[in-house]
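J.: One structure, pasted below without further comment.
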Amino acid sequence: MKHIVYRCDIRDRADTVVPSTEPWLPVVIESPLDALGQSGSLLRMTGVVPALRLMLRLCRHGRLFYYAADQGNWIHWGGITQGWCRYYRVGERAAVFGPVETAMAFRGRGVAPAVMRGAMRVLAGRGVHVFYVDTSELNLPMQHAASKAGFRDTGLRFDR
Ligand SMILES: CC(C)(COP(=O)(O)OP(=O)(O)OC[C@H]1O[C@@H](n2cnc3c(N)ncnc32)[C@H](O)[C@@H]1OP(=O)(O)O)[C@@H](O)C(=O)NCCC(=O)NCCS
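Residues in the sequence shown are numbered consecutively from 14, following the working numbering.
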């Protein structure tokens, strides 16, 4: 299956910076310690096994996680890898989104673009300005969500 690679440099896209009034701001978890601090919410939202899996993932260098919740229930979550991607070359300071998911009941309401923009804004505060996301040529919802989050098709394709 061919995958499309999208890129966003938020320094070129002032509109990607989230106004503080935008709903669904993300919580960005950058380390197992952060996850411990959020363990109550994480356990309620995901259950024990996914929360433990997340902790393990965060132990690996350059792995982050973000989520947004509504009334105690997750509505969108995603992984972010910093500085590398298995499928294409990215800069040392770049971040790659994926996988990402919006809860079924919240799809089609602009949650993914809003929360991804929010996560980009948080990381921009730490000096990360270039972001990638990739998705299958068949995944129209993700293609639309990526465009609305400020990503542009790089023209690069890879098989996965
Ligand atoms: C891809 C995904 C994250 C988008 O999240 P979202 O919060 O629904 O994003 P948006 O609200 O911006 O909707 C994106 C597109 O989904 C489609 N869509 C609209 N309503 C929808 C619904 N009720 N259910 C599914 N898709 C819908 C539309 O094409 C929409 O784009 P448009 O508004 O420009 O027409 C979500 O569909 C999802 O979790 N899918 C399953 C997991 C997945 O494919 N992840 C991406 C892997 S890279």
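Think of the CB as a built atom: it goes at the ideal place given N, C-alpha and C, for glycine as much as any other residue. Predicted model, so just to flag it, every value in this text is computed and none were measured.
Within a Cβ cutoff of 6 Å, which residues of the same chain sit near M129, ignoring the five residues on either side of it in sequence?
T.: As a first step, residue 129 is located in the sequence shown; it is residue number 116 there, counting from the start. So the list reads A162, once near-sequence residues are dropped.
J.: I'd like the span of the beta strand (DSSP E) that includes H16, first residue to last.
T.: Residue 16 sits at position 3 when you count from the first residue of the sequence shown. Run containing H16: K15 to D22, per the beta strand (DSSP E) assignment.
J.: In angstroms, rounded to a whole number, what distance separates the CA positions of N152 and L169?
T.: Walking along the sequence shown from the start, residue 152 turns up at place 139. Walking along the sequence shown from the start, residue 169 turns up at place 156. Approximately 16 Å between the Cα atoms of the pair.
J.: How would you write the range of the beta strand (DSSP E) that V109 sits in, first residue to last?
T.: Counting from one through the sequence shown, the residue named residue 109 turns up at place 96. Residues A108 to T115.
J.: Should the segment 136 to 146 be called in touch with the segment 104 to 121, which here means at least 3 C-beta pairs below 8 Å?
T.: Yes, the segment 136 to 146 is in contact with the segment 104 to 121.
J.: Let me check you understand the geometry: is the CB of T115 closer than 7 Å to at least one non-hydrogen atom of ligand 1?
T.: Counting from one through the sequence shown, the residue named residue 115 turns up at place 102. Yes, ligand 1 has a heavy atom inside 7 Å of this Cβ.
J.: Mark V61 as exposed unless 16 or more other C-beta atoms lie within 10 angstroms of its C-beta, in which case mark it buried.
T.: Here the question's residue 61 lines up with position 48 in the sequence shown. It is exposed - the Cβ of V61 has fewer than 16 other Cβ atoms within 10 Å.
J.: Just to confirm, does N86 get its C-beta within under 7 Å of one of the non-hydrogen atoms of ligand 1?
T.: Within the sequence shown, numbered from 1, the residue matching residue 86 stands at position 73. N86 Cβ: outside cutoff for every heavy atom of ligand 1.
J.: Please list the segments of the alpha helix (DSSP H) lying wholly inside the segment 83 to 148, counting only runs of 4 or more residues, in order along the chain.
T.: Counting only runs of 4 or more, we get 124 to 137.
J.: How far does the beta strand (DSSP E) with R170 in it reach, from first residue to last?
T.: In the sequence shown, counting from the first residue as 1, residue 170 sits at position 157. Note, R170: beta strand (DSSP E), R165 to D172.
J.: Compare the C-alpha of E43 against each of A132, A116 and H157 and name the closest.
T.: Position 30 of the sequence shown holds residue 43. Among A132, A116 and H157, the Cα nearest to that of E43 belongs to A132.
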